[in-house]
Amino acid sequence: MPLVKQGKIVADGYIQVADDAEIPVEGAALIPAARFLADPEALLKRSGPTGVIWPNNRDPEELVPYLDKLAVVALVFPSFRDGRAYSQARLLRERYKYKGELRATGQVLRDQFVIMLRAGFDSFEVKKDADAEAFAATVKRYTVFYQPTGDGRITALHQRMQLRHAENAR
Amino acid sequence: MYAYDEIDRTLINERVSEFRDQVKRRLAGELTEDEFKMLRLMNGVYLQLHAYMFRVAIPYGTLSSPQLRKMAHVARRYDRGYGHFTTRQNIQFNWIKLADLPDALEDLASVGIHAMQTSGNCTRNVTTDQWAGVAPGEVEDPRIWAELLRQYSTMHPEFSFLPRKFKIAITASAYDRAAIKVHDIGLRIHKNEAGETGFEVLVGGGLGRTPFIGRVIKPFVHGRDILSYVESILRVYNQYGRRDNIYKARIKILVHELGIEKFAAEVEDEWLATRDSALTLDSEVVEDIRSRFSYPHYQKLSDTPDELTAASADPHFARWLKNSVAPHQRTGYAIVTLSLKPVGGPPGDATADQMDAVADLADKYSFGEIRVGHEQNLALPSVARRDLPALWRQLDKLGLATPNVNLVTDIIACPGLDYCSLANTRSIPIAQELTRRFANNDLAELIGRLHINISGCINACGHHHVGHIGILGVEKNGEEFFQITIGGRADEHAVVGTLIGPAVPFAEVADVIEDIVEAYLALRARPDELFVQTVERLGVEPFKERVYATR
Amino acid sequence: MTSPLQQKIKITGPSVVTANRTWDGVVIYRDAHNGWTTDLAQAAIVRTADDARALLAESTADDVGAIGPYIAPVAVNDNGTVEPGNLREQIRRKGVTIDLPASA
Chain A
33 MPLVKQGKIV ADGYIQVADD AEIPVEGAAL IPAARFLADP EALLKRSGPT GVIWPNNRDP
93 EELVPYLDKL AVVALVFPSF RDGRAYSQAR LLRERYKYKG ELRATGQVLR DQFVIMLRAG
153 FDSFEVKKDA DAEAFAATVK RYTVFYQPTG DGRITALHQR MQLRHAENAR
Chain B
52 MYAYDEIDRT LINERVSEFR DQVKRRLAGE LTEDEFKMLR LMNGVYLQLH AYMFRVAIPY
112 GTLSSPQLRK MAHVARRYDR GYGHFTTRQN IQFNWIKLAD LPDALEDLAS VGIHAMQTSG
172 NCTRNVTTDQ WAGVAPGEVE DPRIWAELLR QYSTMHPEFS FLPRKFKIAI TASAYDRAAI
232 KVHDIGLRIH KNEAGETGFE VLVGGGLGRT PFIGRVIKPF VHGRDILSYV ESILRVYNQY
292 GRRDNIYKAR IKILVHELGI EKFAAEVEDE WLATRDSALT LDSEVVEDIR SRFSYPHYQK
352 LSDTPDELTA ASADPHFARW LKNSVAPHQR TGYAIVTLSL KPVGGPPGDA TADQMDAVAD
412 LADKYSFGEI RVGHEQNLAL PSVARRDLPA LWRQLDKLGL ATPNVNLVTD IIACPGLDYC
472 SLANTRSIPI AQELTRRFAN NDLAELIGRL HINISGCINA CGHHHVGHIG ILGVEKNGEE
532 FFQITIGGRA DEHAVVGTLI GPAVPFAEVA DVIEDIVEAY LALRARPDEL FVQTVERLGV
592 EPFKERVYAT R
Chain C
21 MTSPLQQKIK ITGPSVVTAN RTWDGVVIYR DAHNGWTTDL AQAAIVRTAD DARALLAEST
81 ADDVGAIGPY IAPVAVNDNG TVEPGNLREQ IRRKGVTIDL PASA
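Protein sequence lines, in the order shown, are assigned to chains A, B and C.
Numbered by this note's numbering, the letters in the first sequence go through residues 33 to 202 in order.
Numbered by this note's numbering, the letters in the second sequence go through residues 52 to 602 in order.
Numbered by this note's numbering, the letters in the third sequence go through residues 21 to 124 in order.
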């Protein structure tokens, strides 16, 4: 599956460690949540960036003590209909101030790119090559946003207030 | 009327262009049906038995005459010349082609109408009182808040893939015309001691196979906090709502399983972390939305003009006036309900010609405004009382002056097995037969207020649980049977009706309803004791006896 | 989605595979030549669970052309004409059982 990061298709430097596989001592690795939480201090001392694969039914608050040391948090969309990871993403970014890579994995289609970006994701394991290639064009599809989220885009309500103030100033 | 500005219009156009691309990808095989289904649903596109069905939103039930004309245009150009008004302030077109849908959406977008989130597991069209802004005694116009919630919930980046659909309704009147107690969130506008606007928030109401009446989760949420409070409810639901079983995925099940206290505590915790955020509505923002609702320039007119007095000598007009015309906030004006329940007709349907004609009448008599209510009727919200006789004559010619509003033949019915792929039985023919049985206006008037609701399956789109008489279609060995409940109501005293006994076959339903009504007429304590009041006083037993004694 | 090959399929009599056509939603039936027809008389009729499963699998494979194929019962009359086997399928074939609203 192609990985899109900063708007471009890039090579994925991370090894995704299976539940029963040995955790590599070196190199970039994504570690399943349960194994990470079993010994987080040791794993965060590995040589090489460490990330965690976080299931969508586990409270991301558990990650708070480690967030400044984690290079990646990979959230999971087991089906594109299952939207729990959108809440996790916003909590990680907006409430727990996570600054590292926030990756969308699983059933990721182009039709979700815009809302995923708005929820705080900045990297995407995309299911279809054509969707990954269409990333740049797709995210430009919308220019109006009604809700405030942590992505900093101005909301329609505030855009209107700005327009109104500009008109009044004239 | 709320006027969409360039910002709102841009978003609608961007959505149409996205959907055009999605349809193209679907038809080219780049999207599977499994992938496309959620996308089309979020643009109002269902698949029914014979064709696609297209559900278009009528936000807070308010339409301008150009918007209604555009609905007529869509019905004519892309469908079979009619539309169906639903119980949630939407209109449905039943015969549309997928390949035509992007064009239909683009035509609607030209008048600020869209189909965003009229289906799918997201926040649906936020509904309210169809008399908003004109109903005497309302606390304030609930549409300002409905519009704020519409904007807030449109393409929400966190809540577009909830466990299940999510419906919000708002009322600002003592008499609840928006059925807020059977919504996922019900909001009742009231003022605190300081005179500030806020909401009593109810949660977990809903019908379907497990009906629940909504419970109060917070007696007063200040207007400025309503978005953060709704966000907190949605966030708790998104994370903890069940996703293992579609029939247990609505928020009502989560509230029921956790208990209202525990659920409320979860929401409160979340809200403490959310309330002081960018979601807080400062009064300037609210006033900005309010300022974009335009209100008619009412004249100083008499409530008893000569035209009205003279016309009242005609008993047909007098009957319609008594039945379909309601008081207005302004002296000299009235709210007129247009019955879409003619004898023998499918409830809630209107032809393209009727829609065009109503748009013309709205221009002439009601400041160009039309309303749509959950009872599947239309309304002209601001008609000068002196114009009522002239309006009535024209409505009568159009078949829109049946004097049966809130009476036994003002039936709410789902499309049933004639259209719907989920249905077990038909609904419309039952409704049609009942309107024929009770076609006598004197009889209907004698019976008084009586709501009959019909659903063709357990999903309860006809709200049978909360009908004074509810009729639910079930299939038994390939035959259509119907369960009858009585005593339900959808208003501020909302309650789920009680089953009276074994299901009856298709051909006997109308007889059974006649028996129930006759029993009521014999049992009521006074002529003004309503059917539901008699049921409340006596219980279902006497009705049950009457129905099953000879069957 | 469960593949039809893994589904338990039971039929109680002659059956067809029916679906809706993707571009316009019209009711279609699988024919005996790897295609679809809007005419029930042209539909392939199966009489065993194995044949039904095979026809459904072939139909489901056409995700671009058809939506939601499923097995539906039919009645074959003595003269060979085919009728839908239940009310739902009758309505799908013949249309609504009511008069459609018509503009005057």
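We put the beta carbon where it would ideally sit given N, CA and C, even for glycine.
My assumption, with CB atoms under 8 Å, is that residue i sits in contact with residue j. Please give the rounded CB distance.
| i | j | result |
| --- | --- | --- |
| V36 of chain A | A188 of chain A | Wrong, their Cβ atoms sit about 27 Å apart, outside the cutoff. |
| V547 of chain B | H516 of chain B | 5 Å |
| V423 of chain B | L114 of chain B | 7 Å |
| Y111 of chain B | Q140 of chain B | 7 Å |
| K232 of chain B | A511 of chain B | Incorrect: roughly 14 Å between the Cβ atoms, too far for contact. |
| C173 of chain B | L213 of chain B | 6 Å |
| V36 of chain C | I65 of chain C | 6 Å |
| F263 of chain B | G256 of chain B | 6 Å |
| V598 of chain B | I567 of chain B | 6 Å |
| T331 of chain B | S279 of chain B | 7 Å |
| Q405 of chain B | L449 of chain B | 6 Å |
| L485 of chain B | I503 of chain B | 6 Å |
| I58 of chain B | R192 of chain A | 6 Å |
| Q483 of chain B | G399 of chain B | Actually they do not touch by this definition, with Cβ atoms about 12 Å apart. |
| G259 of chain B | S170 of chain B | In fact, because the Cβ distance is near 15 Å, the residues do not count as touching under 8 Å. |
So residue i contacts chain B; which residues on that side make the cut at Cβ distance below 8 Å?
| i | result |
| --- | --- |
| A63 of chain C | Here the premise fails: no neighbours, minimum Cβ distance about 17 Å. |
Just the chain B side, please: which residues come within less than 9 Å of residue i by C-beta, in chain order?
| i | result |
| --- | --- |
| L60 of chain C | Correct list: empty, because the minimum Cβ distance to chain B is about 14 Å. |
| D44 of chain C | A102, Y103, I147, K148, L149, A150 and D151 |
Could you name the residues that DSSP lists as bridge partners for residue i?
| i | result |
| --- | --- |
| G132 of chain A | G132 of chain A pairs with nothing; no bridge assigned. |
| V74 of chain B | Answer is none; V74 of chain B lacks a bridge partner. |
| S141 of chain B | Here residue 141 of chain B is Asn; the residue named in the question, Ser, does not match the sequence. Beta-bridge pairing links N141 of chain B to B:A108. |
| W86 of chain A | A:L107 |
| V96 of chain A | For V96 of chain A, which the question treats as bridged, DSSP gives no partner whatsoever. |
| S155 of chain A | A:K37 and A:R135 |
| R588 of chain B | In the DSSP output, where bridge partners are listed per residue, R588 of chain B has none listed. |
| L550 of chain B | B:T536 |
| F263 of chain B | B:G257 |
| I297 of chain B | Answer is none; I297 of chain B lacks a bridge partner. |
| S506 of chain B | B:L523 |
For residue i, go through chain C and note every residue whose CB falls closer than 8 Å to its CB, in chain order.
| i | result |
| --- | --- |
| P480 of chain B | T117 and I118 |
| Q483 of chain B | I118 |
| T601 of chain B | The contacting residues do not exist; T601 of chain B stays about 28 Å from chain C at best. |
Determine the contact status of residue i and residue j, defining contact as a CB-CB distance below 8 Å.
| i | j | result |
| --- | --- | --- |
| R41 of chain C | G85 of chain C | yes |
| A103 of chain A | P81 of chain A | yes |
| F70 of chain B | M104 of chain B | no |
| D180 of chain B | A126 of chain B | no |
| N89 of chain A | R116 of chain A | yes |
| E596 of chain B | G538 of chain B | no |
| A403 of chain B | A123 of chain B | yes |
| G20 of chain B | A435 of chain B | With chain B running from 52 to 602 in the structure shown, residue 20 of chain B is simply not present. |
| Q202 of chain B | Y128 of chain A | no |
| D658 of chain B | K392 of chain B | As shown, chain B starts at 52 and ends at 602. That puts residue 658 of chain B outside it, with no answer to give. |
| P92 of chain A | L124 of chain A | yes |
| A385 of chain B | V376 of chain B | yes |
| I195 of chain B | V336 of chain B | no |
| R266 of chain B | V281 of chain B | no |
| D192 of chain B | D542 of chain B | no |
| S161 of chain B | A186 of chain B | no |
| L458 of chain B | L501 of chain B | yes |
Find the residues of chain C that neighbour residue i, judging by a C-beta separation of less than 7 Å, and give them in chain order.
| i | result |
| --- | --- |
| T83 of chain B | D83 |
Given the structure, does residue i come close to the ligand FMN, in the sense that its CB is under 7 Å from one of the ligand's heavy atoms?
| i | result |
| --- | --- |
| R91 of chain B | Among the ligands in the structure shown, none appear at all, so the ligand FMN cannot be discussed. |
Residue i versus chain E: which residues are under 7 Å apart at the beta carbon?
| i | result |
| --- | --- |
| S211 of chain B | The question asks about chain E, but that chain is absent: this structure's protein chains are A, B and C. |
Run through chain A and tell me which residues come within less than 8 Å of residue i, C-beta to C-beta.
| i | result |
| --- | --- |
| I58 of chain B | V176, A188, Q191 and R192 |
Mind pulling the chain A residues with CB within less than 7 Å of residue i?
| i | result |
| --- | --- |
| A324 of chain B | R127 |
Who are the neighbours of residue i on chain C, taking C-beta pairs under 9 Å?
| i | result |
| --- | --- |
| L451 of chain B | Per Cβ cutoff of 9 Å: no residues; L451 of chain B is ~12 Å from chain C at best. |
| L98 of chain B | N40, G45, I87 and G88 |
Using a Cβ cut-off of 9 Å, pull out every chain A residue sitting near residue i, in sequence order please.
| i | result |
| --- | --- |
| N172 of chain B | R113 and G115 |
*Jot down the residue ranges of each uninterrupted alpha helix (DSSP H) in the stretch 34-77 of chain A, minimum 4 residues, whole runs only, in chain order.*
65-70 and 72-76
*asked:* Restricting to runs no shorter than 4 residues, where is the alpha helix (DSSP H) found entirely within the stretch 326-401 of chain B?
replied: 334-342, 357-362 and 366-375
*List in chain order: all unbroken beta strand (DSSP E) runs of 3+ residues lying wholly within the stretch 405-445 of chain B.*
420-423 and 429-435
*Fully enclosed by the stretch 21-83 of chain C, which beta strand (DSSP E) runs are 3 residues long or longer?*
35-41 and 47-50
*Enumerated in chain order, which unbroken segments of the beta strand (DSSP E) with a length of 3 residues or greater are wholly contained in the stretch 149-197 of chain A?*
155-157
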